[in-house]
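Same order as they appear, the protein sequences are chains G and F.
For what it's worth, this note's numbering labels the leading residue of the first sequence as 263, then goes sequentially.
For what it's worth, this note's numbering labels the leading residue of the second sequence as 16, then goes sequentially.
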Amino acid sequence: MNHRAENLYHQITGRKYTIVFSMGIAAVLILLADIAIGPAWLSIDEIFLAVFSPDSVDPTTSTIVWKLRLPIALMAIVVGASLAIAGAEMQTILGNPLASPYTLGVSASAGFGAALALVAGVSVFPSGKNYIVPINAFFFAMLTCLLMYSVAKKAKFSSETMVLAGIAILFLFQSLTALLQYIASEQQLQAVIFWLFGNLFRTTWQKLGISSAILLLTIPLLAKDAWKLTTLRLGDEKAESLGVNVERLRLKTFVLVSILTGAAVCFVGTIGFIGLAGPHIARMLVGEDQRFFLPVSALTGAILLSSASVLSKLIVPGIILPIGIITSFIGVPFFISLMFKKRGGYW
Amino acid sequence: MLQVERLKFAYDSSEPILRNIHFNAVPGEITGIIGPNGSGKSTLMKCIAGLLKPEGTIRLSKDNTSPAKKKRLGQWVSYLPQENSFRAVLTVFETVLLGRMQSLSWRVGKEDLTAVLKMLETLGIEMLASRFLGELSGGQRQMVWMAQALVRQPMVLLFDEPLNSLDIRYALEILDMVKEITALKKIITVIVLHDLNLVGKYADKIILLRDGDVYSSGTPKTVLTMETIRSVYGVNCKVANNDGVLQITPLCSIRPKFERTAH
Numbered sequence: 263m264n265h266r267a268e269n270l271y272h273q274i275t276g277r278k279y280t281i282v283f284s285m286g287i288a289a290v291l292i293l294l295a296d297i298a299i300g301p302a303w304l305s306i307d308e309i310f311l312a313v314f315s316p317d318s319v320d321p322t323t324s325t326i327v328w329k330l331r332l333p334i335a336l337m338a339i340v341v342g343a344s345l346a347i348a349g350a351e352m353q354t355i356l357g358n359p360l361a362s363p364y365t366l367g368v369s370a371s372a373g374f375g376a377a378l379a380l381v382a383g384v385s386v387f388p389s390g391k392n393y394i395v396p397i398n399a400f401f402f403a404m405l406t407c408l409l410m411y412s413v414a415k416k417a418k419f420s421s422e423t424m425v426l427a428g429i430a431i432l433f434l435f436q437s438l439t440a441l442l443q444y445i446a447s448e449q450q451l452q453a454v455i456f457w458l459f460g461n462l463f464r465t466t467w468q469k470l471g472i473s474s475a476i477l478l479l480t481i482p483l484l485a486k487d488a489w490k491l492t493t494l495r496l497g498d499e500k501a502e503s504l505g506v507n508v509e510r511l512r513l514k515t516f517v518l519v520s521i522l523t524g525a526a527v528c529f530v531g532t533i534g535f536i537g538l539a540g541p542h543i544a545r546m547l548v549g550e551d552q553r554f555f556l557p558v559s560a561l562t563g564a565i566l567l568s569s570a571s572v573l574s575k576l577i578v579p580g581i582i583l584p585i586g587i588i589t590s591f592i593g594v595p596f597f598i599s600l601m602f603k604k605r606g607g608y609w
Numbered sequence: 016m017l018q019v020e021r022l023k024f025a026y027d028s029s030e031p032i033l034r035n036i037h038f039n040a041v042p043g044e045i046t047g048i049i050g051p052n053g054s055g056k057s058t059l060m061k062c063i064a065g066l067l068k069p070e071g072t073i074r075l076s077k078d079n080t081s082p083a084k085k086k087r088l089g090q091w092v093s094y095l096p097q098e099n100s101f102r103a104v105l106t107v108f109e110t111v112l113l114g115r116m117q118s119l120s121w122r123v124g125k126e127d128l129t130a131v132l133k134m135l136e137t138l139g140i141e142m143l144a145s146r147f148l149g150e151l152s153g154g155q156r157q158m159v160w161m162a163q164a165l166v167r168q169p170m171v172l173l174f175d176e177p178l179n180s181l182d183i184r185y186a187l188e189i190l191d192m193v194k195e196i197t198a199l200k201k202i203i204t205v206i207v208l209h210d211l212n213l214v215g216k217y218a219d220k221i222i223l224l225r226d227g228d229v230y231s232s233g234t235p236k237t238v239l240t241m242e243t244i245r246s247v248y249g250v251n252c253k254v255a256n257n258d259g260v261l262q263i264t265p266l267c268s269i270r271p272k273f274e275r276t277a278h
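Below is the structure:
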């Protein structure tokens, strides 16, 4: 009986481990491609030498890798993973397939915070010149998360109310941002639009460090509750009867994903789709056992944003398009093809 | 034994849903809870499951002598709610495994895996182990929820209308299974059912609720009489005893027609 049970379990989980492993390799390969591709193409050897033995390559290559490509390529991985994890857990705790940082208005409110700094020079907290925009964006992202949580609690986490409230918040902040754009000077307007496109050009090692630290702190805290979060998908009553403190779990997870979302969008701007599609693709690949769903969501998000970064450099040679414009081109065909292939239904 | 005494419950400041419920349920027997819509059946189940906080006492004694601590009641109780979401993208094996929540860690132990397979085999659904919940029929899903409830090895099983949307074959199979496991494992089973014929056939004891109160309790023969059914449900019926099994045939509602249409 022991062996048969283990075999059956390994049969179910074996495929999932293979997917996690393959996606890990794919993420590394795309990261390398992202570092290699640009106005000056680099070979894999040059990348490895520049990373592990910077003195053995010429200074230009070292500068390209360390100052330009590596932080941006890593930021794509970190932000992609953060947005997808945030989307996955928002969908889990709100029981809503449409939940994501973008659809719940978090990105729009971050955009408003950024625009407020860029146009009116208003900073919600006193901060260094380089950080006014991200701090404003982070603050408004958190404010929206708090607002959404209050609405969700009041509406007893009803899917319809959540989506309606999210859309309302999205419109509200889009209108406020449009108002700021209307009164902005030409130069300010350009800066706001550039921020709203979503791009990785503003990445510095310091910003990468902050986003990575938050991602790395959040993952183990979410992983610790993997079984509880899985149980939540069976419904609140079932989860509670199995010993899960649903209210506490929801609040804890919401706080974690709010910080994660805020830290991701405040440095790179509005990047839609990944937070919505990443978890859905992960769900189609490995199901909703959070031990697999969480890492595969993160890897899907990282691969999608990294691929978008590669593509943004290839579409028009010599010009790097804002990554926020490209993400949907990458994800939508893959997402739709999976939707039609998979059996069983999702929501 | 499960002892429920002077149980009262109201949502916020509204009218009480449960007024003064008291009954005992013993291991190895099925206690059926019946009553018209809104009589408090589901609320009572949620109170026993620990999902609501009522006034009064719910006590579980392991061997009729030593009462288990109240705060630990939840770990001995498995509750199967009326509505069960099957939208989770989980296999049957994973779903049943969640029943062992209390002992699960990142790496699943052999004991948990063996318990799940054993339960799937007991209920005859081991061939569904790697299928997704969304691919199953209503009856198969109900079997999965039962397996999840039983894999915890509970002392008390609470089923709230487990036969919803099931055809008569599945309904009988599930009730046969519940009866067998209840007797075999000496479980205290409390089950809410709407079908009076089925509750008469399977329950050892019946608690009939009306407006949050126990109207009548006892064996099916003593509770399911023409008079009580007329008084509680407002329905005229015939009650026959076919070789020890009660057969209830509803005849007509006693509420005047104009009153029904007025609503």
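Beta carbons: idealized from backbone N, C-alpha and C, even for Gly.
Bear in mind that the values here come from a model prediction, so they are computed numbers and not experimental data.
Here's the rule I'm using: 16 or more other beta-carbon atoms within 10 Å means buried, otherwise exposed. How should residue i be labelled?
i: N358 (chain G); result: buried
i: M601 (chain G); result: exposed
i: I445 (chain G); result: exposed
i: L345 (chain G); result: buried
i: G586 (chain G); result: buried
i: Q168 (chain F); result: exposed
i: R122 (chain F); result: exposed
i: N269 (chain G); result: exposed
i: L441 (chain G); result: exposed
i: C267 (chain F); result: exposed
i: T197 (chain F); result: buried
i: M142 (chain F); result: exposed
i: F147 (chain F); result: buried
i: R512 (chain G); result: buried
i: D551 (chain G); result: buried
i: P482 (chain G); result: exposed
Would you say residue i faces chain F, with C-beta separation under 7 Å as the test?
i: W457 (chain G); result: no
i: T493 (chain G); result: yes
i: R331 (chain G); result: no
i: Y279 (chain G); result: no
i: I274 (chain G); result: yes
i: L522 (chain G); result: no
i: A417 (chain G); result: no
i: A382 (chain G); result: no
i: G497 (chain G); result: yes
Which of helix, strand or coil does DSSP assign to residue i?
i: T46 (chain F); result: strand
i: E20 (chain F); result: strand
i: L599 (chain G); result: Sequence check: residue 599 (chain G) is Ser here, not Leu. Three-state result, S599 (chain G): helix.
i: F374 (chain G); result: helix
i: V168 (chain F); result: Strictly speaking, residue 168 (chain F) in this sequence is Gln, with Val absent from that position. Q168 (chain F) falls in the coil class under three-state DSSP.
i: V319 (chain G); result: coil
i: N358 (chain G); result: coil
i: T197 (chain F); result: helix
i: L304 (chain G); result: coil
i: H542 (chain G); result: helix
i: P69 (chain F); result: coil
i: T106 (chain F); result: strand
i: R270 (chain F); result: coil
i: R314 (chain F); result: Past the edges of chain F, shown from 16 to 278, lies residue 314 (chain F), and the structure says nothing about it.
i: S389 (chain G); result: coil
i: Y26 (chain F); result: coil
i: I36 (chain F); result: strand
Would you say residue i reaches chain G, if we count a Cβ-Cβ gap shorter than 7 Å as a contact?
i: P96 (chain F); result: yes
i: K125 (chain F); result: yes
i: L33 (chain F); result: no
i: E109 (chain F); result: yes
i: P82 (chain F); result: Residue confidence for P82 (chain F) is low, a pLDDT of 45 falling below 50, so the modelled location carries little weight and cannot support an answer.
i: L239 (chain F); result: no
i: S145 (chain F); result: yes
Using the DSSP secondary-structure output, state which residues sit across from residue i in a beta bridge.
i: G531 (chain G); result: G531 (chain G) pairs with nothing; no bridge assigned.
i: G233 (chain F); result: F:I221
i: L261 (chain F); result: F:N256
i: R74 (chain F); result: F:Q18
Inset, instruction - May I ask you to list, following chain order, the residues of the segment 541-573 of chain G that have a beta carbon less than 7 Å from some beta carbon of chain F? - result: Residues of the segment 541-573 of chain G whose Cβ lies closer than 7 Å to any Cβ of chain F, in chain order: R545, G549, E550, D551, R553.
Inset, instruction - Could you please tell me which residues of the segment 504-518 of chain G, in chain order, have their CB closer than 8 Å to any CB of chain F? - result: L504, G505, V506
Legend entry - Members of the segment 51-74 of chain F near chain G, C-beta cut-off 7 Å: Only those residues of the segment 51-74 of chain F whose C-beta falls short of 7 Å from the nearest C-beta of chain G are listed: A64, L66.
Inset, instruction - Scan the segment 186-219 of chain F for residues whose Cβ lies nearer than 9 Å to a Cβ of chain G and list them as they occur along the chain. - result: none
Inset, instruction - Output, in sequence order along the chain, the residues in the segment 343-368 of chain G whose CB is closer than 7 Å to any CB in chain F. - result: Flagged: no residues at all.
Inset, instruction - Taking a Cβ distance cut-off of 9 Å, strictly less, list which residues of the segment 280-304 of chain G are near chain F, in chain order. - result: Answer in chain order: no residues at all.
Inset, instruction - Return the residues of the segment 528-541 of chain G that lie within a Cβ-Cβ distance of less than 9 Å from chain F, sorted by chain order. - result: none
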